[in-house]
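Colleague:
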Amino acid sequence: MSETASAMAEPDGAGRFGRFGGRFVPETLIPALAELEEGFREAWADPAFRARLDGLLKDYAGRPSPLTECERLSERLGLRLLLKREDLNHTGSHKINNVLGQALLAQRMGKERVIAETGAGQHGVATATAAALLGQECLVYMGEVDMERQALNVFRMRLLGAEVRPAMTGSRTLKDAVNEAMRDWVATVETTHYCLGSVMGPHPYPWMVRELHRVLGAEAREQCRALTGADPDVAVACVGGGSNAAGLFSGFADVPTRLVGAEPAGGAAVGRGVPGVVHGSKSFLLQDEWGQVTEAESISAGLDYPGVGPEHAHLADVGRAEYAAVTDEEVVDAFVTLSRLEGIIPALESAHALAWVIRERESLAGQTVLVNLSGRGDKDVEQVSRLLGPAAGADRGLR
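Once you know that position 269 of the sequence shown is 370 in my numbering, the rest is easy, because the numbers rise by one and skip nothing.
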């Protein structure tokens, strides 16, 4: 195996990617995590399980998602821009890949109740959808602030039969929703599967979630080669916890493609964080001088998180991927630009990746750049409309 391929290999026996990852959890959860790891390894090696998941991804989620060439925006930027359209999946984001796999795994392990946490609501909607499909009881924790700014997704989850319970502590955002979900899991682990929504948390979650999202990276590589005859020069994805980026990067880790994660300036865990432990694993984390977790701030609820998945910390540590911060202003401009020039309204999360490309266009001139459009912007339209006003940002973005 090449040096680059080993950068996204399976974690070691302790669940670590280099010096990051592991299991930092209460003693009561150790047996549950061991059971989950064993259950996932058995399922992942079972052709019948893989066939059922592949069937659902194709016939229910709508895979493969297409690759879209952006001719107008490419011309403006002076590069070749391709979008991996995870926004066109059922439920509107990449999250359905991971959730269908975990929901099937829960069913296989005899867990009739699933719980989840969500920030922007995309993972919550996907979890509620899979639970409805498989007849599972579903409870989703969501920060009270996020419930207000993503009210449409709250309604969708409830319509699908899930209970949405607000996290009322701390900043009342994603970090606090994860805290509540973990407390629930500690108390109900015998009957409940925690459907964790990103490549974070204790082992085996970061590895398992990445494997369930590997499909999008494999598709993107095949589609790029079919369309352009080569791999892209650069692959870009937004990073909060980093699930969509992990899926995309896994498709290009063994080739020379440059891997870039776009973080929110107010929550740049790789850019401004230091190693620490949160939510069961060691990774880069925003902390104060006393080691206390500090709050992240982002226009995007899905990226409003003070840490990053441990595999991303490892990729940054070994220099295989780079991570750059973009501001909320740049994100809104990118949101407007893609809408105006390509007729595609991106999720605010995805707009982070586009914002980096737009800012770096001079250095990327002539290159093929692949952006993972991890979600669609329906959920964000009301929030952005309040920012832009009646003119809908007529003076914003590239013209």
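Heads up, the beta-carbon is just placed ideally off N, CA and C, and yes, glycines get one too. Bear in mind the structure is a predicted one, so any value in this text is a computation, not a measurement.
#1: What's the C-alpha gap between I197 and D155?
#2: Which class does A237 belong to by DSSP, given the choice of helix, strand or coil?
#3: Of the residues G298, G494 and L488, which one's Cα is nearest the Cα of G343?
#4: Kindly give me the distance between the Cβ atoms of Q223 and G476, rounded to whole angstroms, as I take these residues to be in contact under 8 Å.
#5: Quick check on V246: does DSSP put it in helix, strand or coil?
#6: Identify whether V409 lies in helix, strand or coil by the three-state DSSP scheme.
#7: Considering only their Cβ atoms, is the gap separating Q237 from A204 smaller than 8 Å?
#8: Just confirm the distance between the C-beta atoms of H314 and A347, as a whole number of angstroms; I'd bet it's less than 8 Å.
#9: Within this structure, are the beta carbons of P365 and L317 separated by less than 8 Å?
#10: Rank I400, G408 and Y424 by C-alpha distance to the C-alpha of S486 and give the top, closest one.
#11: If you draw a straight line from the alpha carbon of F118 to that of A146, how long is it in whole angstroms?
#12: Residues in its own chain within less than 6 Å of A268 by CB, not counting five upstream and five downstream?
#13: Identify every run of the beta strand (DSSP E) within the stretch 369 to 454, keeping only runs that are complete inside it and at least 3 residues long; order them along the chain.
#14: Assuming V427 contacts R460 under a Cβ cut-off of 8 Å, what Cβ separation, rounded to an integer in Å, is found between them?
#15: Sort out for me which residues DSSP pairs S194 with in a bridge.
#16: V361 by DSSP, collapsed to three states: which one?
#17: Assign G352 to one of two classes, buried (16 or more other C-beta atoms within 10 Å of its C-beta) or exposed (fewer than that).
#18: Going by DSSP, which residues form a beta bridge with R181?
#19: What residue range is occupied by the uninterrupted alpha helix (DSSP H) comprising Y161?
#20: What does the alpha-carbon distance come out to for the pair L260 and Y406?
#21: Rounded to the nearest angstrom, how far is the Cβ of D506 from that of I216, given a contact under 8 Å?
#22: For the alpha helix (DSSP H) containing V482, name the first residue and the last one.
#23: When the Cα of A227 is compared with those of A207, N190 and T438, which residue comes out closest?
#24: Have a look at the DSSP bridge pairing and note the partners of I216.
#25: Leaving out five residues on either side along the sequence, give the residues of the same chain with a beta carbon under 7 Å from the beta carbon of P165.
#26: CA-CA distance, L158 and A466?
#27: By how many angstroms is the C-alpha of L499 removed from the C-alpha of Y501?
#28: Is W457 buried or exposed, if buried means 16 or more other CB atoms sit within 10 Å of its CB?
#29: For the stretch 130 to 146 against the stretch 429 to 443, do three or more pairs of beta-carbon atoms, one drawn from each stretch, fall closer than 8 Å, so that the two count as touching?
#30: Taking all protein chains shown into account, decide if S464 is buried (16 or more other Cβ within 10 angstroms of its Cβ) or exposed.
#31: Does C171 come out as helix, strand or coil in the three-state DSSP assignment?
#32: So who's on the other strand from R117, going by DSSP bridges?
#33: So for A319, helix, strand or coil by DSSP?
#34: Distance, Cα to Cα, L180 vs K383?
#35: Bridge partners of P267, per DSSP?
Modeller: Put simply:
#1: The residue given as residue 197 occupies position 96 in the sequence shown. The residue given as residue 155 occupies position 54 in the sequence shown. Each residue's Cα considered, the two are about 12 Å apart.
#2: In the sequence shown, residue 237 corresponds to position 136, counting from 1. Per the sequence shown, residue 237 should be read as Gln rather than Ala. Coil, per DSSP.
#3: Residue numbering aside, residue 343 sits at position 242 when the sequence shown is read from its first letter. Distance from the Cα of G343 is smallest, within the candidate group G298, G494 and L488, for G298.
#4: To locate residue 223, count along the sequence shown from 1; it is residue 122. To locate residue 476, count along the sequence shown from 1; it is residue 375. Your pair Q223 and G476 checks out as a contact, with CB atoms roughly 5 Å apart and the cut at 8 Å.
#5: Taking the sequence shown and counting its residues from 1, the one referred to as residue 246 is at position 145. In the structure shown, V246 sits in a helix (DSSP, three-state: H, G or I).
#6: To locate residue 409, count along the sequence shown from 1; it is residue 308. If DSSP states are grouped into helix, strand and coil, V409 belongs with coil.
#7: Mapped onto the sequence shown, residue 204 falls at position 103. Mapped onto the sequence shown, residue 237 falls at position 136. Yes, the pair counts as a contact, with Cβ atoms nearer than the cut-off.
#8: Reading the sequence shown from its first residue, position 213 is the one you call residue 314. Reading the sequence shown from its first residue, position 246 is the one you call residue 347. Contact flag correct, Cβ pair sits at about 6 Å.
#9: Numbered from its first residue, the sequence shown carries residue 365 at position 264. Numbered from its first residue, the sequence shown carries residue 317 at position 216. No, the pair does not count as a contact, with Cβ atoms beyond the cut-off.
#10: Here residue 486 is taken as the residue at index 385 of the sequence shown, counted from 1. Checking every option, the nearest Cα to that of S486 belongs to I400.
#11: Here the question's residue 118 lines up with position 17 in the sequence shown. Here the question's residue 146 lines up with position 45 in the sequence shown. Their Cα atoms are separated by approximately 22 Å.
#12: Residue numbering aside, residue 268 sits at position 167 when the sequence shown is read from its first letter. Y242, G244, D277, A278 and E281, listed in sequence order.
#13: Secondary structure in the stretch 369 to 454: the beta strand (DSSP E) runs of 3 residues or longer, each lying completely within the stretch, are 375 to 379, 382 to 386 and 422 to 427 in chain order.
#14: On the sequence shown, position 326 is the one that residue 427 refers to. On the sequence shown, position 359 is the one that residue 460 refers to. Distance from V427 to R460 at the Cβ level is roughly 7 Å; contact confirmed, criterion being Cβ atoms closer than 8 Å.
#15: In the sequence shown, residue 194 corresponds to position 93, counting from 1. DSSP output for S194 lists G476 as bridge partner(s).
#16: Reading the sequence shown from its first residue, position 260 is the one you call residue 361. Looking at V361 - three-state DSSP - the assignment turns out to be strand.
#17: As a working note, residue 352 is residue 251 in the sequence shown. By the neighbour-count rule (16 or more Cβ atoms within 10 Å), G352 is buried.
#18: As a first step, residue 181 must be located in the sequence shown, where it is residue number 80. Partner(s): T469.
#19: One-based indexing of the sequence shown puts residue 161 at position 60. Run containing Y161: none; DSSP gives neither H nor E here.
#20: Your numbering for residue 260 matches position 159 in the sequence shown. Your numbering for residue 406 matches position 305 in the sequence shown. Spanning the two alpha carbons is a distance of roughly 27 Å.
#21: Outside the shown range of the chain, which is 102 to 500, sits residue 506, and nothing can be said about it.
#22: Position 381 of the sequence shown, counted from the start, is the residue given in the question as residue 482. From DSSP, the alpha helix (DSSP H) with V482 extends over V482 to L489.
#23: Indexing the sequence shown from 1 puts residue 227 at position 126. When each option's Cα is compared against that of A227, the closest is N190.
#24: By 1-based counting over the sequence shown, the position of residue 216 is 115. I216 pairs with L240 and Y295.
#25: Along the sequence shown, one-based indexing puts residue 165 at 64. Excluding sequence neighbours, P165 sits near E320.
#26: Residue 158 sits at position 57 when you count from the first residue of the sequence shown. Residue 466 sits at position 365 when you count from the first residue of the sequence shown. Answer to the nearest angstrom: the Cα atoms are 36 Å apart.
#27: Residue 501 lies beyond the range of the chain shown here (102 to 500); nothing can be said about it.
#28: Mapped onto the sequence shown, residue 457 falls at position 356. It counts as buried.
#29: As far as the Cβ criterion goes, the stretch 130 to 146 does not touch the stretch 429 to 443, which means the pair count is below three.
#30: If you number the sequence shown from 1, residue 464 lands on position 363. The residue is exposed, with fewer than 16 neighbouring Cβ atoms inside 10 Å.
#31: As a position in the sequence shown, residue 171 is number 70, starting the count at 1. Three-state DSSP puts C171 in coil, outside helix and strand.
#32: Your numbering for residue 117 matches position 16 in the sequence shown. Checking the DSSP bridge columns, you'll see R117 partnered with G122.
#33: To locate residue 319, count along the sequence shown from 1; it is residue 218. DSSP places A319 in the helix class (H, G or I) of the three-state scheme.
#34: Mapped onto the sequence shown, residue 180 falls at position 79. Mapped onto the sequence shown, residue 383 falls at position 282. The straight-line gap from Cα to Cα measures roughly 37 Å.
#35: Here residue 267 refers to the residue found at position 166 when the sequence shown is read from its first residue. DSSP, once it has assigned bridges, lists M243 as partnering P267.
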